[in-house]
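Chemist: In the numbering used here, the protein residues as written are 85 to 370.
Take this structure first; my questions come after.
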């Protein structure tokens with residue numbers, strides 16, 4: 085089993101939520117305030133490594149909580165801590181919401197490959213995607229950031245936003261590839277047409293006679309992915325009026341399809357450039 089290991093900034097952010105202190109980077113609390121006794125009760129209720137407060141008398145609430153989190157980092161108890169921290173019943177009759185806290189924590193969790201996702205009335209810690217975009221992708225950090233944005237929105241339960249970010253991710257990759265291959269992005273009126281233009285430049289179009297028939301079928305499948313991404317944003321994302329709210333599994337499919345496509349395009353470009361199969365391009369951008 086894979087255990088959750090968080091960075092020190094992520095542990096500090098989690099501690100601020102458990103204690104009800106000012107949230108890291110927020111300037112104000114986003115969770116109910118807990119006295120020391122309440123923090124101990126919260127910790128005792130979970131299957132974690134636990135330090136008896138009597139042995140560390142004099143520690144502040146924040147210091148004890150942070151040391152408790154560090155003791156459970158990379159161990160089975162961290163999952164229980166994270167899921168309990170956003171348990172909606174803790175937020176009944178409070179000014180704060182579990183969804184807001186989950187969204188805040190997901191900003192840190194996504195970097196460790198995890199997100200808190202609402203499943204019915206509760207939140208579950210999951211690894212939202214098995215597809216990772218190479219970093220850096222081409223020369224644009226924005227592309228890698230968009231990949232993380234897909235996961236962050238998905239983890240926060242914003243499935244429409246995840247779909248919108250997935251479409252934008254593909255657009256960003258295609259634009260960057262055209263810049264690398266042509267000197268500037270081309271003028272295309274739709275996503276499928278832009279993909280076909282880039283695929284031809286990358287020598288992965290199905291019209292090549294020297295490609296294996298099975299690989300050609302895979303390429304045709306990529307075209308179908310793009311054809312599907314093009315209209316889905318219009319119908320189910322936050323960029324246009326919503327027709328039907330997408331479910332989690334719909335958004336998961338779209339995000340993974342977009343990241344798989346983006347990864348393949350980037351890796352194809354990198355390999356062919358290293359082998360000297362792509363022409364040197366003079367930048368057309370003034």
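Backbone N, C-alpha and C fix where the C-beta goes; we use that ideal spot for every residue, glycine too.
Keep in mind that this is a model prediction, so the values were computed, not measured.
Using the rule of at least 16 other Cβ atoms within 10 Å of the residue's Cβ for burial, across every protein chain shown, is residue 298 buried or exposed?
Modeler: Looking at its Cβ environment, which holds fewer than 16 other Cβ atoms inside 10 Å, residue 298 is exposed.
Chemist: Extract the residue ranges of the beta strand (DSSP E) inside the region 138-173, only unbroken runs of 3 or more that lie entirely within it.
Modeler: With a minimum length of 3 residues, no continuous beta strand (DSSP E) run stays inside the region 138-173.
Chemist: I'd like to know whether the C-beta atoms of residue 170 and residue 189 end up nearer to each other than 9 angstroms.
Modeler: Closer than 9 angstroms, so yes.
Chemist: Since residue 239 contacts residue 194 with CB under 8 angstroms, what's their CB separation in whole angstroms?
Modeler: Indeed, because the Cβ distance is near 6 angstroms, the residues count as touching under 8 angstroms.
Chemist: So, are the CB atoms of residue 172 and residue 127 less than 9 angstroms apart?
Modeler: No.
Chemist: Checking the sheet assignment: what are the DSSP bridge partners for residue 201?
Modeler: DSSP, once it has assigned bridges, lists 208 as partnering residue 201.
Chemist: Distance check for residue 132 and residue 165, CA to CA, integer angstroms please.
Modeler: Rounded to the nearest angstrom, the two C-alpha atoms are 8 angstroms apart.
Chemist: Whole angstroms is fine: what's the gap from residue 236's alpha carbon to residue 283's?
Modeler: In a straight line, the C-alpha of residue 236 is about 29 angstroms away from that of residue 283.
Chemist: DSSP beta-bridge partners for residue 110?
Modeler: Bridge partners of residue 110: none, in fact.
Chemist: Would you mind sorting residue 179 into buried or exposed? The rule is 16 or more other CB atoms within 10 Å of its CB.
Modeler: Under this definition residue 179 is an exposed residue.
Chemist: Mark residue 335 as exposed unless 16 or more other C-beta atoms lie within 10 angstroms of its C-beta, in which case mark it buried.
Modeler: Looking at its Cβ environment, which holds 16 or more other Cβ atoms inside 10 Å, residue 335 is buried.
Chemist: Go through its chain and collect everything with a Cβ distance to residue 246's Cβ below 7 angstroms, but skip five positions before and after it.
Modeler: Counting only Cβ-Cβ distances below 7 angstroms, and skipping sequence neighbours, we find 234, 237, 238, 335, 339.
Chemist: Nearest-angstrom Cα distance between residue 96 and residue 256?
Modeler: Looking at the two C-alpha atoms, the distance is approximately 33 angstroms.
Chemist: Between the beta-carbon of residue 168 and the beta-carbon of residue 94, is there less than 9 angstroms?
Modeler: Going by C-beta atoms, residue 168 is not nearer than 9 angstroms to residue 94.
Chemist: Is the CB-CB distance between residue 287 and residue 307 below 9 angstroms?
Modeler: Result no, Cβ atoms of residue 287 and residue 307 do not sit closer than 9 angstroms.
Chemist: According to DSSP, simplified to helix, strand and coil, what is residue 239?
Modeler: Residue 239: helix per DSSP, three-state reduction.
Chemist: DSSP three-state call for residue 91: helix, strand or coil?
Modeler: Residue 91 falls in the coil class under three-state DSSP.
Chemist: Near residue 161, what residues of its chain come up, given a Cβ to Cβ distance below 7 angstroms and the 5 sequence neighbours on each side ignored?
Modeler: The answer, listed in chain order, is 130, 131, 132, 133.
Chemist: Starting from residue 276, trace the alpha helix (DSSP H) both ways and give me its first and last residue.
Modeler: Taken as a continuous stretch (DSSP letters only), the alpha helix (DSSP H) holding residue 276 covers 275-285.
Chemist: Roughly how many angstroms separate the alpha carbons of residue 86 and residue 312, rounded to a whole number?
Modeler: C-alpha separation (whole angstroms): 33 angstroms.
Chemist: Under a CB-based cut-off of 9 angstroms, is residue 105 close to chain C?
Modeler: Considering every chain present, this structure includes no chain C. It has just one protein chain.
Chemist: In its own chain, which residues sit with a C-beta less than 7 angstroms from the C-beta of residue 103, not counting the 5 before and 5 after it?
Modeler: Cβ neighbours of residue 103 beyond the five flanking positions: 118, 123, 145, 146, 149.
Chemist: Answer with buried or exposed for residue 285, where buried requires no fewer than 16 other C-beta atoms within 10 angstroms of its C-beta.
Modeler: The residue is buried, with at least 16 neighbouring Cβ atoms inside 10 Å.
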